[in-house]
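Presented below is the structure to which this report refers.
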Amino acid sequence: MKARNILLTTALAGVALGFVQKAQPTLKDAFKKDFYVGAALNYRQLNGQDAKATALIKQQFNTISPENLLKWGPVHPQLNTYNFKPADDYVAFGQQNNMFIIGHTLMWHQQTPKWVFEDEAGKPVSREVLLKRLEEHINTVVGRYKGKIGGWDVLNEAIDDQQGDLRKTKWLEILGEDFAAKAFEYAHKADPKAELYYNDYSLFRPEKREGVIKLVKSLQAKGVKVTAIGMQGHYGLKQPSIEQIEASIVAFSKLGVHVNFTELDVDVLPKPSRRQGGADISENYAAATQYNPYQAGLPDSVQQQLTNRYADLFALFHKHRDVIDRITLWGVTDADSWLNDWPIRGRTSYPLLFGRNYEAKPAFQSVVQAAAQKSK
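In terms of the working numbering, the sequence shown opens at residue 20 and continues consecutively.
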């Protein structure tokens with residue numbers, strides 16, 4: 020603890036945007052021998068509306084994910100309508116900055132329009148119709164970015180939170196249990212060289228971990244290639260434990276797949292739900308003052324906890340760098356974070372490495388300095 024306090028007192032208060040002091044490494048440089056480090060982007064950061072964030076992204080990261088631009092609803096809102104402009108700009112940005120580009124996501128039970136599952140009368144479509152729509156969507160979207168997007172979150176959050184069974188969704192209801200295999204098959208056919216991922220939250224929980232292991236084994240038994248499992252790192256200051264997270268890294272690596280931490284953030288705010296580490300966007304609660312305690316700023320004591328938490332997490336990631344390919348923060352600055360509006364709208368959240376004024380927080384400093392110490 021003393022060592023970390025020294026780090027904090029000697030750390031720079033922030034990074035002056037537009038340049039990095041020679042003694043101040045960036046995230047991508049600090050871990051260049053270990054894994055990619057990236058962030059999820061919104062459209063304002065790509066089209067020039069948030070120029071400071073754009074500069075920060077170029078400076079710090081070597082991989083990017085689209086927060087919403089490539090989800091089914093935004094990119095394919097109607098049966099015969101595609102909206103590719105935002106996604107095209109996203110991919111062009113990644114190419115211009117020599118970044119490893121991620122596609123997120125091809126199959127999910129959220130943010131998928133109703134028309135995908137219904138006929139003109141509003142009744143459920145047949146398995147054959149839904150398979151055709153799925154294949155057409157994946158072939159069109161993945162095919163458009165063939166050779167440009169390096170990896171795809173093919174399937175997102177398909178395992179139930181409680182028992183580790185397949186989540187009861189329209190995909191499962193209409194297609195049956197081979198829905199996952201079909202999505203991976205179509206994605207591989209559309210771009211044989213792209214990495215293909217399964218992505219989910221709360222994978223530190225033994226029940227959910229076992230459910231994912233069962234799913235991946237079933238895909239492998241069908242000859243379906245899964246490159247990596249994406250562990251969404253929506254964590255708290257204390258939960259889950261480092262030991263719980265590590266147990267899943269080890270268990271997944273035994274499947275012969277790699278691991279990505281795909282949506283990393285650390286929630287410092289109290290939650291109305293007792294569940295830890297979740298990311299079910301259907302959970303929402305009414306605003307209450309006790310759940311938004313840091314509107315005037317984060318107390319030093321909590322800032323220290325956040326700093327320690329990030330240092331511990333990145334020490335774990337570095338330890339398992341042989342099987343970890345990518346760490347992606349879910350947002351660039353605290354102002355961008357989805358946690359400002361989930362599970363309660365309008366809160367002041369502080370879950371990332373950069374603050375609302377684009378400054379590097381003490382947590383950033385502890386992460387890059389920990390990387391420097393590890394490399395000695």
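Even glycine gets a Cβ: it sits at the ideal position worked out from N, Cα and C.
- Asn327: member of the alpha helix (DSSP H) spanning 319–338, first to last residue.
- In the three-state reduction of the DSSP assignment, Leu125 falls in the strand class, which pools E and B.
- By the criterion of a C-beta distance shorter than 7 Å, Leu98 is surrounded in its chain by Trp134, once the five residues flanking it on both sides are discounted.
- Beta bridge pairing from DSSP links Ala106 with no other residue.
- In the three-state reduction of the DSSP assignment, Tyr377 falls in the coil class, being assigned neither a helical nor a strand state.
- In chain order, Leu256 place their CB closer than 6 Å to the CB of Gln324, counting only its own chain and leaving out the 5 sequence neighbours on each side.
- Listed in chain order, the non-local C-beta contacts of Tyr164 below 6 Å within the same chain comprise Val110, local neighbours out to five positions each way being set aside.
- Around the Cβ of Lys201, a 10 Å sphere holds 16 or more other Cβ atoms; the residue is buried.
- Proximity to Ala72 across Glu214, Asp355, Lys338, Pro362 peaks at Asp355, based on C-alpha coordinates.
- According to the DSSP assignment, Trp171 belongs to the beta strand (DSSP E) that extends over 170–175.
- Under the 8 Å Cβ criterion, the stretch 372–387 counts as touching the stretch 343–355, having at least three qualifying pairs.
- Counting of Cβ neighbours within 10 angstroms places Thr124 among the buried residues, the total reaching 16 or more.
- Spanning the alpha carbons of Gly113 and Pro370 requires a straight line of approximately 24 Å.
- For Arg63, no alpha helix (DSSP H) segment is defined, and its DSSP state is neither H nor E.
- In this structure Val56 is buried. Its beta-carbon is surrounded by 16 or more other beta-carbon atoms within 10 angstroms.
- Contact between the stretch 236–246 and the stretch 206–221 is present, with at least three C-beta pairs closer than 8 Å.
- A Cβ-Cβ distance of about 15 Å is found for the pair Phe223 and Ser272, leaving them out of contact under the 8 Å criterion.
- Leaving aside the five residues that flank Ala382 on each side, the residues in its chain whose CB is nearer than 7 Å to its CB run, in chain order, Leu325, Thr326, Tyr329, Leu372.
- Phe223: not part of any alpha helix (DSSP H); DSSP gives it neither H nor E.
- For His253, the pairing in a beta bridge is given by DSSP as Asp284.
- Per DSSP, the continuous beta strand (DSSP E) segment holding Ile346 begins and ends at 343–348.
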